[in-house]
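Take the sequence shown: its position 470, counting from 1, is numbered 470 in the working numbering, and each next residue is one higher.
Take a look at the structure set out below.
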Amino acid sequence: VSDPVRLRPRRGDWPRGTGQVRADLLAGLTVGIVALPLALAFGVSSGMGAAAGLVTAIVAGAVAAAFGGSRFQVSGPTGAMTVVLIPVVARHGAEAVLLVGVLAGLFLVVLAGLRVGRFVGFIPTPVVEGFTLGIALIIALQQVPAALGVDKPEAERTLALVWQAAEAFLRAPAAPSLVLTGVVVALMVVLPRLLRAVPASLVAVALATLAAEVLRLDVPRIGALPSGFAVPALGDLPWAQLDTLVGPAIAIAALAAIESLLSATVADGMSGGERHDPDRELFGQGLANAASCLVGGMPATGAIARTAVNIRAGAQTRLSALAHAGVVAGVVLGLGGVVALIPLAALAGVLLVTAARMVEFGSLRAIVRTTRSDALVLVATAAATLLFDLVVAVEVGIAVAGVLALRHIARSTLMERLEAAPLAEDPEGLLQRRVAVYRFDGSLFFGAAHRFLLELTSVSDVDAVVLRLSGVRTMDATGAALLGDVIERLEHRGVAVLLSGARPQHESLLRRAGVLERLAHERHLFAHADDAVRHAIVHAERKRAA
1 VSDPVRLRPR
11 RGDWPRGTGQ
21 VRADLLAGLT
31 VGIVALPLAL
41 AFGVSSGMGA
51 AAGLVTAIVA
61 GAVAAAFGGS
71 RFQVSGPTGA
81 MTVVLIPVVA
91 RHGAEAVLLV
101 GVLAGLFLVV
111 LAGLRVGRFV
121 GFIPTPVVEG
131 FTLGIALIIA
141 LQQVPAALGV
151 DKPEAERTLA
161 LVWQAAEAFL
171 RAPAAPSLVL
181 TGVVVALMVV
191 LPRLLRAVPA
201 SLVAVALATL
211 AAEVLRLDVP
221 RIGALPSGFA
231 VPALGDLPWA
241 QLDTLVGPAI
251 AIAALAAIES
261 LLSATVADGM
271 SGGERHDPDR
281 ELFGQGLANA
291 ASCLVGGMPA
301 TGAIARTAVN
311 IRAGAQTRLS
321 ALAHAGVVAG
331 VVLGLGGVVA
341 LIPLAALAGV
351 LLVTAARMVE
361 FGSLRAIVRT
371 TRSDALVLVA
381 TAAATLLFDL
391 VVAVEVGIAV
401 AGVLALRHIA
411 RSTLMERLEA
421 APLAEDPEGL
431 LQRRVAVYRF
441 DGSLFFGAAH
451 RFLLELTSVS
461 DVDAVVLRLS
471 GVRTMDATGA
481 ALLGDVIERL
491 EHRGVAVLLS
501 GARPQHESLL
511 RRAGVLERLA
521 HERHLFAHAD
531 DAVRHAIVHA
541 ERKRAA
């Protein structure tokens with residue numbers, strides 16, 4: 001269990017001089033400008049509303065900056081979290097998300113206390129890339145109603161939503177929203193190539209909003225924002241649905257843990273030498289999720305793209321992420337009326353480009369080219385993400401990866417019958433001596449042990465069998481039990497069995513499984529193969545003489 005002292009903020013987390021303060025404030029300003037349109041877009045896309053996205057960027061961004069485990073992590077609403085929230089909002093309403101977010105935050109705090117953070121690194125890369133691809137597809141498809149300028153259909157499944165939106169558009173086609181979305185996409189693609197220092201998403205949204213006002217386009221807008229935080233009363237939360245909301249809360253906590261720790265790992269690589277504290281990161285994300293939802297926001301995670309912008313902008317300490325939250329808050333307070341005029345189609349364009357940028361096409365090509373197993377894991381995870389949800393997708397991906405890994409290990413486990421004894425003084429060979437020597441290499445476990453059973457028990461024309469176990473790296477209870485079964489069957493036929501080279505941990509397992517009692521009594525356990533073969537030859541010769 002983690003030491004609570006390790007999870008608290010420290011003095012060294014913050015700037016030590018005016019130079020670091022200036023660098024952090026400039027980086028925070030840059031990230032805040034980038035984060036603003038994303039916060040609006042993710043809030044609208046989730047069904048919680050633009051205000052919820054802004055509140056999340058401010059509150060979750062500030063709390064995670066203070067309590068998280070990475071110096072450079074920037075947290076807020078993300079596309080992956082949006083994908084999880086859409087069915088929750090559809091089934092239980094926006095109020096349920098507030099309760100779900102608080103529960104998820106508590107789960108994350110518990111995970112931090114149990115030091116679970118380090119285990120996220122065991123998730124295979126094809127699984128991560130697969131659900132990232134699936135998330136990107138869902139985010140892109142979810143923008144179809146806004147891009148077409150139709151009301152968002154009441155559909156839980158993304159494919160059904162796209163179909164219904166397309167039907168509504170065909171019944172009453174209108175071009176303005178579609179044109180605005182196309183303009184925003186084009187600007188976000190072209191502007192970074194011409195002016196790298198310009199925040200393309202903010203400029204594209206601003207120009208789209210200006211065009212919609214000047215041309216008086218009839219397109220759906222964000223609408224008026226609340227003047228302050230809307231703290232929900234505890235009695236208004238849907239406590240009666242608590243039993244049905246635990247599952248979504250676990251899903252949100254799992255996603256927040258995975259995405260935040262992956263983002264922190266990316267930040268470590270970009271910063272050079274920085275190492276985040278995974279348990280403290282979970283603790284900070286837990287507090288951030290609970291705080292955000294308690295004031296009307298939505299669950300949040302570490303955001304890889306915003307974290308990358310933060311590092312590239314010269315961030316030095318956590319102050320930059322805190323400043324980013326302040327920048328978003330300042331825009332909301334000072335320009336709330338302008339924000340209300342932003343067309344939803346413009347935000348759809350931002351998210352379409354964001355979804356495309358989420359996918360690392362180079363990594364996908366590398367995985368597909370590496371092995372068919374990795375490609376299958378990637379495709380299975382992406383398909384499960386698209387058809388079900390992220391938690392099911394990760395479970396499917398890990399299950400498929402596990403099965404394929406076990407198959408690979410089982411196939412790499414070998415049992416070879418030696419044609420000649422390892423003894424230099426055995427000119428007659430093993431067959432003449434009526435001795436068989438088998439060498440095992442690899443892992444003797446449930447996935448591989450069964451296929452050796454038939455061959456070993458069918459051995460004939462021998463009086464003694466030597467099993468060399470020095471090449472066995474791992475062994476489980478199934479492998480030990482099957483080995484015991486082989487020994488029992490052979491000895492029942494009058495064939496002596498001798499073991500050599502068993503590692504101490506394997507010998508202990510075999511003893512607990514009851515395999516070694518008779519062999520030890522008959523002195524058929526040997527440290528070296530030569531000694532076992534000599535004994536087997538002597539045993540076979542005595543049996544023939546008798």
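Every residue, glycine too, gets a C-beta built ideally from N, C-alpha and C.
Euclidean distance between Cα positions of residue i and residue j
i: R193; j: T18; result: 33 Å
i: P238; j: C293; result: 14 Å
i: L483; j: V515; result: 8 Å
i: V368; j: E129; result: 11 Å
i: G134; j: A356; result: 11 Å
i: G326; j: G32; result: 8 Å
i: D463; j: L406; result: 35 Å
i: S75; j: G284; result: 10 Å
i: G149; j: S45; result: 14 Å
i: A288; j: A264; result: 15 Å
i: D279; j: S470; result: 39 Å
i: A345; j: E213; result: 14 Å
i: G336; j: L225; result: 6 Å
i: T301; j: A254; result: 10 Å
i: Q143; j: G397; result: 26 Å
i: L187; j: G349; result: 10 Å
i: M358; j: T125; result: 15 Å
i: E419; j: I252; result: 59 Å
i: A545; j: R433; result: 12 Å
Collapsed DSSP secondary structure at residue i in the structure displayed
i: D463; result: coil
i: L195; result: coil
i: F388; result: coil
i: R221; result: strand
i: F446; result: coil
i: A251; result: helix
i: K543; result: helix
i: A513; result: coil
i: Q316; result: coil
i: S458; result: coil
i: I123; result: coil
i: D476; result: coil
i: V116; result: coil
i: T371; result: coil
Residue span of the alpha helix (DSSP H) that contains residue i, given as start and end
i: G113; result: A94 to G113
i: P37; result: T18 to S46
i: L341; result: Run containing L341: none; DSSP gives neither H nor E here.
i: W163; result: T158 to R171
i: Q241; result: From DSSP, Q241 is part of no alpha helix (DSSP H); its letter is neither H nor E.
i: H276; result: From DSSP, H276 is part of no alpha helix (DSSP H); its letter is neither H nor E.
i: Q143; result: Looking at the DSSP string, Q143 is not in any alpha helix (DSSP H), and its letter there is neither H nor E.
i: E360; result: That residue, E360, is in no alpha helix (DSSP H); it is neither H nor E in DSSP.
i: S201; result: A200 to V214
i: G53; result: A50 to F67
Beta bridge counterpart(s) of residue i as assigned by DSSP
i: G471; result: D441
i: V435; result: A464
i: G76; result: T301
i: L525; result: L499
Run of the beta strand (DSSP E) containing residue i, from where it starts to where it stops
i: E416; result: L414 to L418
i: A496; result: A496 to S500
Residue i, buried or exposed, once every other Cβ within 10 Å from all chains shown has been counted against 16
i: S458; result: exposed
i: T371; result: exposed
i: G334; result: exposed
i: S201; result: buried
i: G47; result: buried
i: P504; result: exposed
i: H450; result: exposed
i: G53; result: buried
i: E281; result: buried
i: S320; result: buried
i: E167; result: exposed
i: A172; result: exposed
i: L159; result: exposed
i: S460; result: exposed
i: L378; result: buried
i: V190; result: exposed
i: A175; result: exposed
i: E455; result: exposed
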